[in-house]
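Please read the structure below before turning to the comments.
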Amino acid sequence: SQQGEEDPQALSIQEGENATMNCSYKTSINNLQWYRQNSGRGLVHLILIRSNEREKHSGRLRVTLDTSKKSSSLLITASRAADTASYFCASLIQGAQKLVFGQGTRLTINP
Amino acid sequence: EPEVTQTPSHQVTQMGQEVILRCVPISNHLYFYWYRQILGQKVEFLVSFYNNEISEKSEIFDDQFSVERPDGSNFTLKIRSTKLEDSAMYFCASSAGTGKWSNQPQHFGDGTRLSIL
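In order, the protein sequences belong to chains B and D.
If you count the first sequence from 1, you need to add 977 to reach the working numbering.
If you count the second sequence from 1, you need to add 3 to reach the working numbering.
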């Protein structure tokens, strides 16, 4: 599999439920960033977690990083219809100045 | 909140023509990037730029591509002779930091949709 794989590819839940998305990567990283993209729009930066951090919170978002498993997860609590979007993880490769993106998870929140 | 701005939002060009995509990064950022996203595919890195030179480029970024920071505010991507497969959404990004590497968030513009006919 390639650097930056996410699962599930698509997730549909009811408003108010929690949504969890997972991401895996292959090589050593400096940080891992999560982005949201509404259909046909730009990438909105959500949260960054550094390689020496294990968990980070921002509002309704919680990100974890397990460097031993080369994986990260994004949890959105108390989901809202406005959270409907595609979510991407992007890893900043160690020793390089580039982000490697995953395929993304398409999240649908049903009212 | 400061943001990255890109122009135009949509560019339609005949194959073989030159195209220049423009970006205004966030004003105090020193690291600049271009990425592209072909419809339905993942976002791909093209090039990073720091201290007036390319830091890194992907295999996509061949000699048909070039970047320039012509003044203190703009950052441009030029494609010299466009091909059909260059059709994609092109994103500019910038990040803060000091030194050769930035470990800060990369902030993206809304993109330029490039359509090659």
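Each residue gets a CB set at the ideal place from its N, CA and C atoms; glycine is no exception.
Distance, residue j Cα to residue i Cα
i: residue 988 of chain B; j: residue 72 of chain D; result: 41 Å
i: residue 1071 of chain B; j: residue 1007 of chain B; result: 5 Å
i: residue 21 of chain D; j: residue 12 of chain D; result: 17 Å
i: residue 44 of chain D; j: residue 53 of chain D; result: 27 Å
i: residue 992 of chain B; j: residue 36 of chain D; result: 36 Å
i: residue 29 of chain D; j: residue 98 of chain D; result: 8 Å
i: residue 90 of chain D; j: residue 46 of chain D; result: 13 Å
i: residue 1086 of chain B; j: residue 1063 of chain B; result: 11 Å
Option nearest residue i by Cα separation, candidates the options
i: residue 1005 of chain B; options: B:1082, B:1088, B:1068; result: B:1068
i: residue 1000 of chain B; options: B:1032, B:1040, B:1083, B:1049; result: B:1049
i: residue 56 of chain D; options: D:40, D:34, D:43; result: D:34
i: residue 1054 of chain B; options: B:994, B:985, B:983; result: B:994
i: residue 1017 of chain B; options: D:93, D:31, D:26; result: D:93
i: residue 1036 of chain B; options: B:983, B:1023, B:1088; result: B:1023
Residues that residue i contacts on chain B, provided the C-beta gap is smaller than 8 Å
i: residue 106 of chain D; result: 1007, 1008, 1027, 1069
i: residue 59 of chain D; result: 1073, 1074, 1075
i: residue 112 of chain D; result: 1019
Within chain D, the residues that residue i reaches when beta carbons sit closer than 8 Å
i: residue 1013 of chain B; result: Under the 8 Å cutoff, chain D gives no residues; its nearest Cβ is about 11 Å from residue 1013 of chain B.
Residue i: contacting residues in chain D (beta-carbon distance under 7 Å)
i: residue 1034 of chain B; result: Those do not exist, as residue 1034 of chain B stays about 16 Å from chain D at its closest Cβ, beyond 7 Å.
Residue i CB to nearest heavy atom of the ligand MG below 7 Å
i: residue 1012 of chain B; result: Here there are no bound small molecules, and the ligand MG is not part of this structure.
**Request:** Compile a chain-ordered list of the residues in the stretch 78-96 of chain D whose CB is closer than 7 Å to at least one CB of chain B.
**Result:** Hits within the stretch, in order: 94.
**Request:** Taking only beta carbons into account, state which residues of the stretch 1050-1080 of chain B come closer than 9 Å to chain D, listed in chain order.
**Result:** For the stretch 1050-1080 of chain B, which is checked against every Cβ of chain D, the residues closer than 9 Å are 1065, 1067, 1069, 1072, 1073, 1074, 1075, 1076, 1077, 1078, 1079, 1080.
**Asked** Do the stretch 62-69 of chain D and the stretch 79-96 of chain D meet, that is, are 3 or more Cβ pairs less than 8 Å apart?
**Response** yes
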